[in-house]
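Novice:
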Amino acid sequence: MICALTGGTGGAKFIQGLQAVLPPQELVIVVNTGDDLRWWGLHVSPDLDSVLYALAGCLSRERGWGLEGDTFHCLERMKELGAPAWFQLGDRDLATHLARTQLLAEGRPLSQATAKIAAAAGVGARILPMSDDPLATRVHTTDGRDLAFQEFFVRERCQPPVRAVHFLGAQDSRPAPGVLDAIAGAGAVLIAPSNPITSIGPILAVPGIRRALRETSAPVVAVSPIVGTAAVSGPAGALMAAHGLPVSIAGIAEAYADFLDVLIADPADAGSAAELRRPGLQVHCVPSIMKSDDDKAALARAALQLALPDLALANAP
Ligand code: GDP
Numbered sequence: 000m001i002c003a004l005t006g007g008t009g010g011a012k013f014i015q016g017l018q019a020v021l022p023p024q025e026l027v028i029v030v031n032t033g034d035d036l037r038w039w040g041l042h043v044s045p046d047l048d049s050v051l052y053a054l055a056g057c058l059s060r061e062r063g064w065g066l067e068g069d070t071f072h073c074l075e076r077m078k079e080l081g082a083p084a085w086f087q088l089g090d091r092d093l094a095t096h097l098a099r100t101q102l103l104a105e106g107r108p109l110s111q112a113t114a115k116i117a118a119a120a121g122v123g124a125r126i127l128p129m130s131d132d133p134l135a136t137r138v139h140t141t142d143g144r145d146l147a148f149q150e151f152f153v154r155e156r157c158q159p160p161v162r163a164v165h166f167l168g169a170q171d172s173r174p175a176p177g178v179l180d181a182i183a184g185a186g187a188v189l190i191a192p193s194n195p196i197t198s199i200g201p202i203l204a205v206p207g208i209r210r211a212l213r214e215t216s217a218p219v220v221a222v223s224p225i226v227g228t229a230a231v232s233g234p235a236g237a238l239m240a241a242h243g244l245p246v247s248i249a250g251i252a253e254a255y256a257d258f259l260d261v262l263i264a265d266p267a268d269a270g271s272a273a274e275l276r277r278p279g280l281q282v283h284c285v286p287s288i289m290k291s292d293d294d295k296a297a298l299a300r301a302a303l304q305l306a307l308p309d310l311a312l313a314n315a316p
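According to numbering that gives the first Met the number 0, the sequence shown is numbered sequentially starting from 0.
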């Protein structure tokens with residue numbers, strides 16, 4: 000069994016690659032829920048949904064979030080009614096949030112609600128929220144504001160300079176059922192090319208998960224979301240800098256230093272990769288920009304082969 004830790008955009012592409020080369024029952028995906036929000040009365044879990052839609056083959060390619068071909072009539076009507084509309088939910092996407100909110104209101108934990116929705120969507124891999132407990136990623140800006148992650152990311156388009164990121168509720172959160180067992184029992188743990196501060200950071204902030212990564216006998220392999228001196232997309236660079244990490248593959252290695260065995264960097268970083276190699280940390284260069292399905296599968300295959308050289312993989316796509 001392979002355990003992958005991920006956020007929603009870069010991570011979801013990598014997870015699609017894993018699904019292409021592994022039988023679904025061998026894949027357990029631990030997903031960030033620090034970005035979750037209450038919107039129009041609904042429980043929205045953006046990263047869980049991106050992973051779910053990616054695996055169900057219905058993630059919008061154009062937008063990178065939400066459902067392919069979705070419409071936005073409800074959003075337009077909400078605007079007419081004077082409701083906040085800076086966070087966009089598509090019409091068919093709404094069904095996921097309605098179903099999740101209803102399951103939670105019936106008293107089910109998020110992990111069960113997620114399993115039910117994933118099964119209904121025909122997803123064979125196991126999708127686990129990092130925790131059933133609330134943990135909210137908060138962004139403190141240099142102008143003294145304390146923003147919910149989506150306020151920073153979507154409403155303010157990552158523009159405000161950031162002082163620090165905090166995880167509200169982390170101390171009292173517990174790993175969702177199955178998370179620690181998946182890390183301990185995996186043949187390999189893969190950290191997707193996701194934002195190390197706001198996607199993987201919240202997962203590591205759940206007490207017990209970081210220790211499980213340190214203690215697992217499985218190799219822990221991370222794919223860098225940083226190529227050269229910038230993130231492939233999004234605010235990872237600015238957020239890493241705010242946390243005193245170099246914006247480079249060295250910064251990724253530092254963020255995961257206490258548990259990382261193998262770092263996968265893009266060939267563009269071959270020079271820095273050579274400097275970073277040391278006893279206990281392998282650094283391999285593999286093309287890591289995922290545009291096509293072939294790119295995703297090739298990167299996933301490379302990560303798995305570095306972790307488990309004897310593993311038999313499917314040839315798909
Ligand atoms: P979020 O929850 O939507 O922020 O999703 P993630 O954290 O999973 O994805 C964002 C990260 O993915 C950013 O830091 C990007 O640099 C990285 N990323 C996006 N596309 C790619 C890609 O094709 N290759 C690599 N290596 N990183 C990527």
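By construction, the Cβ of each residue, glycine as well, lies at the ideal position given by its N, Cα and C atoms.
The beta strand (DSSP E) that contains Asp145, what's its start and end?
Specialist: On the sequence shown, residue 145 is found 146 positions in, with the first residue counted as 1. Counting along the chain, the unbroken beta strand (DSSP E) around Asp145 starts and ends at Asp145 to Ala147.
Novice: Please report the distance separating the alpha-carbon of Asp69 from that of Leu58.
Specialist: For this step, residue 69 is matched to residue 70 along the sequence shown. For this step, residue 58 is matched to residue 59 along the sequence shown. Computed Cα separation, rounded: 10 Å.
Novice: What is the DSSP secondary structure of His242, reduced to helix, strand or coil?
Specialist: As a working mapping, residue 242 is identified with position 243 in the sequence shown. Reduced to three states, the DSSP call for His242 is coil.
Novice: Leu203: buried (16+ other C-beta within 10 angstroms of its C-beta) or exposed?
Specialist: Position 204 of the sequence shown, counted from the start, is the residue given in the question as residue 203. Under this definition Leu203 is a buried residue.
Novice: Counting Cβ pairs closer than 8 Å, one from the region 14-26 and one from the region 171-181, do we hit at least three?
Specialist: no
Novice: The beta strand (DSSP E) spanning Phe152 covers which residue range?
Specialist: Against the sequence shown, residue 152 aligns to sequence position 153. Note, Phe152: premise wrong, no beta strand (DSSP E); not H, not E.
Novice: Is any non-hydrogen atom of ligand 1 found closer than 7 Å to the C-beta of Met77, if you look at the structure I gave you?
Specialist: Position 78 of the sequence shown, counted from the first residue, corresponds to residue 77. For ligand 1, not one heavy atom lies less than 7 Å from the Cβ of Met77.
Novice: Who are the Cβ neighbours of Gly111 in its own chain at under 8 Å, not counting the five residues just before and after it?
Specialist: Position 112 of the sequence shown holds residue 111. First, the residue type needs correcting, since residue 111 is Gln and not Gly in the sequence shown. Taken in chain order, the residues that qualify are Leu102.
Novice: Can you check whether the CB of Gly10 is closer than 8 Å to the CB of Pro192?
Specialist: The count along the sequence shown starts at 1 and reaches residue 192 at position 193. The count along the sequence shown starts at 1 and reaches residue 10 at position 11. Taking 8 Å as the Cβ cut-off, Pro192 and Gly10 qualify as a contacting pair.
Novice: Any heavy atom of ligand 1 closer than 7 Å to the beta-carbon of Val222?
Specialist: Numbered from 1 along the sequence shown, position 223 holds the residue referred to as residue 222. Correct: Val222 has its Cβ closer than 7 Å to ligand 1.
Novice: Quick one: using the 10 Å Cβ neighbour count with 16 as the cut-off for buried, is Arg358 buried or exposed?
Specialist: The chain is shown from 0 up to 316; residue 358 falls before or after that span and cannot be answered.
Novice: Compare the Cα-Cα distances from Ile116 to each of Val222, Glu253, Pro245 and Ser49 and report the closest residue.
Specialist: By 1-based counting over the sequence shown, the position of residue 116 is 117. Per the Cα distances, Ser49.
Novice: Name, in chain order, the residues that DSSP records as bridge partners for His318.
Specialist: A query on residue 318 cannot be resolved here, the shown segment of the chain reaching from 0 to 316 and no further.
Novice: Let me make sure I understand the geometry here. Which of Glu75, Leu88 and Met77 has the alpha-carbon closest to that of Glu67?
Specialist: Within the sequence shown, numbered from 1, the residue matching residue 67 stands at position 68. Glu67 has its Cα closest to that of Leu88, out of Glu75, Leu88 and Met77.
Novice: Looking only at DSSP bridge pairs, what is Phe166 linked to?
Specialist: The sequence position of residue 166 within the sequence shown is 167, counting from 1. Looking at the DSSP assignment, Phe166 forms a beta bridge with Thr136.
Novice: What residues in its chain sit with their C-beta under 7 Å from that of Ala249, if we drop five residues either side in the sequence?
Specialist: Your numbering for residue 249 matches position 250 in the sequence shown. So the qualifying residues of the chain are Ser271 and Leu275.
Novice: Decide if Ile172 is buried, meaning its Cβ has at least 16 other Cβ atoms within 10 Å, or exposed.
Specialist: Counting from 1 along the sequence shown, the entry for residue 172 is found at position 173. According to the sequence shown, residue 172 is Ser rather than Ile. Its Cβ being crowded by 16 or more others within 10 Å, Ser172 is buried.
Novice: Using three-state DSSP, classify Ala11 as helix, strand or coil.
Specialist: By 1-based counting over the sequence shown, the position of residue 11 is 12. Assignment of Ala11 by DSSP, reduced to helix, strand and coil, places it in the helix class.
Novice: Can you find a heavy atom of ligand 1 that lies under 7 Å from the Cβ of Met0?
Specialist: Residue mapping note: residue 0 aligns to position 1 of the sequence shown, counting from 1. The answer is no for Met0.
Novice: Run through DSSP, which three-state label would Pro195 get?
Specialist: Locating residue 195 in the sequence shown gives position 196, counting from the first residue. Secondary structure of Pro195 (DSSP, three-state): coil.
Novice: Give the straight-line distance between the Cα atoms of Tyr52 and Ala229, rounded to the nearest whole angstrom.
Specialist: Residue 52 sits at position 53 when you count from the first residue of the sequence shown. Residue 229 sits at position 230 when you count from the first residue of the sequence shown. Taking the straight line from one Cα to the other gives about 27 Å.
Novice: What does Ala230 pair with, by DSSP beta-bridge criteria?
Specialist: Sequence index remark: in the sequence shown, residue 230 carries index 231 (1-based). Ile225.
Novice: Rounded to the nearest angstrom, how far is the Cβ of Phe86 from that of Val164, given a contact under 8 Å?
Specialist: Translated into positions along the sequence shown, residue 86 becomes position 87. Translated into positions along the sequence shown, residue 164 becomes position 165. Contact doesn't hold; Cβ gap of about 19 Å is too wide.
Novice: Verify whether the separation of the beta carbon atoms of His242 and Ile190 is less than 8 Å.
Specialist: Within the sequence shown, the letter at position 243 stands for residue 242. Within the sequence shown, the letter at position 191 stands for residue 190. In this structure, Ile190 does not lie closer than 8 Å to His242 by Cβ.
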